[in-house]
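Using the numbering used here, the first residue of the sequence shown is number 54, and each one after it goes up by one. We put the beta carbon where it would ideally sit given N, CA and C, even for glycine. Working notes, structure below.
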Amino acid sequence: MIIKKNLKGLDLPELQKFVEELGEKKYRAVQLYGWLYAKSAQSFDEMTDISKEFRAVLASVASISNLQLVTKNISKDGTTKFLFGLEDGLAIESVLIPSAKKTSEEDKRLTLCVSTQVGCPLDCKFCATGAMGFARNLNSGEIIDQVIQAQQNSKKRITNLVYMGMGEPFLNYENVMKSIDVINDGRGLNIGARHITISTAGYVDKIRQLADEKRPVKLALSLHSLDNEKRTKLMPITKKFPVDTLIDALDYYYQKKRSRPTFEYILFDGFNDTPADIKAFKQLSKRIPCKVNLIPFHSISFINPSGIGVLLKPTPAQNIEVFANALREAGITVMVRSSYGQDIQAACGQLAVIESKVRSKKTEGI
Ligand code: SAH
C-alpha cells in the first residue's frame, strides 16, 4: 500500500521538491501552493487549471488532509468555538472572535485563536487545557487548516491571528514558524505578520531565538506574576525559567526588535493584584516599555480543578480598573481584555476537549 503524502502544511520549496520528484516542472508547485492556501482547495478535483492527468497522478500519491468540523458553538456575543477532529481521532478547539467595535463599519477585524498542541504539558493551575494533559504537537498543516476551515465555515476573511489556543507554541517551534510563513505569505493566506501574535508561557531560549529572526510577528508573554515564588505556584514552568531570566529574555527581544512585547496578566483576587504587584510592574516598565493586557480570570470550575486552582478567584471588575489605572499613571499602556465567549467556554484558558482521548495521557511535561 502506498502511503500518500499529505500536501497540506508543505511550504513552497517542499512542494517544489515534491513535484520535481514526480518529474513535473517547478511552476506546478506554485499552482499547487495557490490552490492549497490562497484558494483553500479541499481536494485535487477543485484544481481546475491543473490537467486531469496530473490531478490523477496527484490523487494516487498524495492527499489533502482536512480538519473535520465536529461541533460549532456560537456565543451570545458572536464568538464562535470550533471543535475540529484530527486524523488520529484526537480533537482541538479554535475560537473565532469578532471585533469589539460593532458600531464602526470600518472595523472589520476578525481574530482567530489557534491551537498548537493537543492538550498542553505545562499544567498551569488556572488553565483548563493544562488540566487535560498532553497528547501531541500539531503539524504545520493542522495549524494552517484551522485558519482555512474557520474562514470557509464563517465565509469571512480572518484578519488577525493569535497563537493562544490549546498548547504552548514554543514547544512546537518549527511547525508554528512554518505555519506562520504560509499564513503570512501573500501567495498563501496573506495575513500580515503584524496581525499575528504568538503567546508563550515563557520559554527563554525560544524568546531569544525569535528575537534573532526576521519574522516581524508580535510576541506576548503570559506573565501573571513578577514574584518568582507566586509565579511558580501558578505556572510550574517558572522552576525551569525563573522570572528574572524571563525578563532578561524580553529585554533582549525588545532591544533586537524594537517592538514592545505584551505582558498578559490574569488578575487573581488578593493574590497578584496588590500594591506590591503594582510596584513590581512600575519597576519593570523602567527597563522595558510595557504593554499590559489585563485578563479577567475565567472560571474553570467545569473541569473540577484541584490544589491552588480551587483557591483562585477573579479580581472584581472595579478592582481591575484600580489596578489598570495605577499602571497607566506610571506610563504603562494597559488594555483590559473583554471576556468573550464565556457562556460557551470559549474564553481564554477555557479550552478543553473533555471527552478527548488525551485525558488519559496526562504527563508532567517539564
Ligand atoms: N501556552 C501559551 C498560549 C495558551 S494560553 C501561553 O501560556 O501563553 C493563552 C492565554 O490564556 C494565556 O495568557 C493564559 O495565561 C490565559 N489563560 C489561561 N487560563 C486562563 C483562565 N482561566 N482565565 C483567563 N485567562 C487564562
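Given 8 Å as the limit, is there contact between the segment 312–329 and the segment 259–277, that is, 3 or more CB pairs closer than that?
yes
The ligand SAH heavy atom lying under 7 Å from the CB of cysteine 343
The residue given as residue 343 occupies position 290 in the sequence shown. False, no ligand heavy atom lies under 7 Å from that Cβ.
Considering only C-alpha positions, which residue in the set Gly142, Tyr256, Asp258 and Phe137 is nearest to glycine 218?
As a working note, residue 218 is residue 165 in the sequence shown. Of the listed residues, the one whose Cα sits closest to glycine 218 is Phe137.
Give a yes or no on contact between the segment 82–98 and the segment 62–72, applying the rule of three or more CB pairs nearer than 8 Å.
yes
Classify proline 269 as buried or exposed, calling it buried when 16 or more other Cβ atoms lie within 10 Å of its own Cβ.
The residue labelled residue 269 in the question sits at position 216 within the sequence shown. With fewer than 16 other Cβ atoms within 10 Å, it is exposed.
Can you determine whether any heavy atom of the ligand SAH sits closer than 7 Å to the C-beta of methionine 459, and answer yes or no?
This structure leaves residue 459 out entirely; the chain is present only between 54 and 419.
Beta bridge counterpart(s) of methionine 388 as assigned by DSSP
As a first step, residue 388 must be located in the sequence shown, where it is residue number 335. Methionine 388 is bridged to Asn346.
Just the C-alpha distance for alanine 91 and isoleucine 260, rounded to the nearest angstrom, thanks.
To locate residue 91, count along the sequence shown from 1; it is residue 38. To locate residue 260, count along the sequence shown from 1; it is residue 207. Spanning the two alpha carbons is a distance of roughly 30 Å.
Pull up the distance between the alpha-carbon of lysine 79 and that of glutamate 73, whole angstroms please.
For the purposes of this step, residue 79 is taken as the residue at position 26 of the sequence shown. For the purposes of this step, residue 73 is taken as the residue at position 20 of the sequence shown. Take the alpha-carbon of lysine 79 and the one of glutamate 73: they are about 6 Å apart.
What's the gap between the Cα of serine 193 and the Cα of lysine 344?
Taking the sequence shown and counting its residues from 1, one reaches residue 193 at position 140. Taking the sequence shown and counting its residues from 1, one reaches residue 344 at position 291. One C-alpha to the other measures close to 29 Å.
So what does DSSP say about valine 253, is it helix, strand or coil?
Here the question's residue 253 lines up with position 200 in the sequence shown. The question names valine, but residue 253 is threonine in the sequence shown. Correct three-state label for threonine 253: strand.
Thinking just about the alpha-carbon of each residue, which of Ser104, Glu106, Lys231 and Ala112 is nearest to the one in isoleucine 56?
For the purposes of this step, residue 56 is taken as the residue at position 3 of the sequence shown. The residue with the shortest Cα to Cα distance from isoleucine 56 is Ala112.
Does lysine 271 get closer than 8 Å to chain B when you measure Cβ to Cβ?
In the displayed structure, chain B is absent; only one protein chain is listed.
Got a list of residues with beta-carbon closer than 6 Å to any non-hydrogen atom of the ligand SAH, in chain order?
Going by the Cβ distance cut-off, the answer is Phe179, Cys180, Met217, Glu221, Ser252, Thr253, Ala254, Ser275, Glu317, Ile319, Ile348, Phe350, His351, Ile353, Cys401 and Gly402.
Is the CB-CB distance between leucine 191 and asparagine 225 below 8 Å?
Position 138 of the sequence shown, counted from the start, is the residue given in the question as residue 191. Position 172 of the sequence shown, counted from the start, is the residue given in the question as residue 225. Cβ distance < 8 Å, so leucine 191 and asparagine 225 count as in contact.
Report yes if the CB atom of valine 257 is closer than 8 Å to the CB atom of leucine 299, and no otherwise.
Locating residue 257 in the sequence shown gives position 204, counting from the first residue. Locating residue 299 in the sequence shown gives position 246, counting from the first residue. Contact: yes.
Write down the C-beta distance between aspartate 198 and asparagine 119 rounded to the nearest angstrom, noting that I regard them as a contact closer than 8 Å.
In the sequence shown, the residue the question calls residue 198 occupies position 145. In the sequence shown, the residue the question calls residue 119 occupies position 66. Contact holds; Cβ gap of about 6 Å.
Provide the residue span of the beta strand (DSSP E) that contains arginine 162, from first to last.
Here residue 162 is taken as the residue at index 109 of the sequence shown, counted from 1. Looking at the DSSP string, arginine 162 is not in any beta strand (DSSP E), and its letter there is neither H nor E.
Bridge partner(s) assigned by DSSP for serine 275
Position 222 of the sequence shown holds residue 275. Note: serine 275 sits in a beta bridge opposite Glu317.
Roughly how many whole angstroms lie between the Cα atoms of proline 151 and tyrosine 393?
Taking the first residue of the sequence shown as position 1, residue 151 is located at position 98. Taking the first residue of the sequence shown as position 1, residue 393 is located at position 340. Computed Cα separation, rounded: 9 Å.
How big is the Cα-Cα spacing for valine 215 and leucine 139?
Here residue 215 refers to the residue found at position 162 when the sequence shown is read from its first residue. Here residue 139 refers to the residue found at position 86 when the sequence shown is read from its first residue. Between valine 215 and leucine 139, the C-alpha separation is close to 20 Å.
Can you tell me which residues form a DSSP beta bridge with lysine 105?
Translated into the one-based positions of the sequence shown, residue 105 becomes position 52. According to DSSP, lysine 105 bridges with nothing at all.
Where serine 413 falls, given that 16 or more other Cβ within 10 Å makes a residue buried
For this step, residue 413 is matched to residue 360 along the sequence shown. Residue confidence is low: serine 413 scores 38 on pLDDT, short of 50, so the model does not pin down where it sits. Its coordinate-derived value is still stated next. Exposed.
Below 8 Å between beta carbons: does that hold for isoleucine 117 and leucine 89?
Position 64 of the sequence shown holds residue 117. Position 36 of the sequence shown holds residue 89. Taking 8 Å as the Cβ cut-off, isoleucine 117 and leucine 89 qualify as a contacting pair.
DSSP state of lysine 310, grouped into three classes?
Taking the sequence shown and counting its residues from 1, one reaches residue 310 at position 257. Looking at lysine 310 - three-state DSSP - the assignment turns out to be helix.
Taking the continuous beta strand (DSSP E) assigned at proline 151, which residues delimit it?
Taking the first residue of the sequence shown as 1, we reach residue 151 at position 98. Run containing proline 151: 144–151, per the beta strand (DSSP E) assignment.
Alanine 188 by DSSP, collapsed to three states: which one?
If you number the sequence shown from 1, residue 188 lands on position 135. In the structure shown, alanine 188 sits in a strand (DSSP, three-state: E or B).
What is the DSSP secondary structure of serine 207, reduced to helix, strand or coil?
For the purposes of this step, residue 207 is identified with residue 154 of the sequence shown, where counting begins at 1. Three-state DSSP puts serine 207 in a helix.
Distance, aspartate 301 Cα to leucine 341 Cα
As a position in the sequence shown, residue 341 is number 288, starting the count at 1. As a position in the sequence shown, residue 301 is number 248, starting the count at 1. Before going on, a small fix: residue 341 reads as isoleucine here, not leucine. For isoleucine 341 and aspartate 301, the distance between alpha carbons rounds to 10 Å.
Is the Cβ-Cβ distance between arginine 390 and leucine 347 less than 8 Å?
Here the question's residue 390 lines up with position 337 in the sequence shown. Here the question's residue 347 lines up with position 294 in the sequence shown. Taking 8 Å as the Cβ cut-off, arginine 390 and leucine 347 qualify as a contacting pair.
Out of Pro367, Ala264, Asn206 and Arg247, point me to the one whose CA is closest to aspartate 326's CA.
Locating residue 326 in the sequence shown gives position 273, where the first residue counts as 1. The shortest Cα separation from aspartate 326 among Pro367, Ala264, Asn206 and Arg247 belongs to Pro367.
Label arginine 381 either buried or exposed according to how many other C-beta atoms from any shown protein chain fall within 10 Å of its C-beta, with 16 as the threshold for buried.
Counting from one through the sequence shown, the residue named residue 381 turns up at place 328. Classification for arginine 381: exposed.
Give the secondary structure of serine 359 by DSSP, where H, G and I count as helix, E and B as strand, and everything else as coil.
One-based indexing of the sequence shown puts residue 359 at position 306. The DSSP-derived three-state label of serine 359 is coil.
Residues bridged to phenylalanine 135 (per DSSP)
As a first step, residue 135 must be located in the sequence shown, where it is residue number 82. Partner(s): Lys125 and Ser147.
Give me, in chain order, the residues of the same chain whose beta-carbon lies closer than 8 Å to that of aspartate 102; leave out the 5 immediate sequence neighbours on both sides.
Your numbering for residue 102 matches position 49 in the sequence shown. Hits under 8 Å: Gln84.
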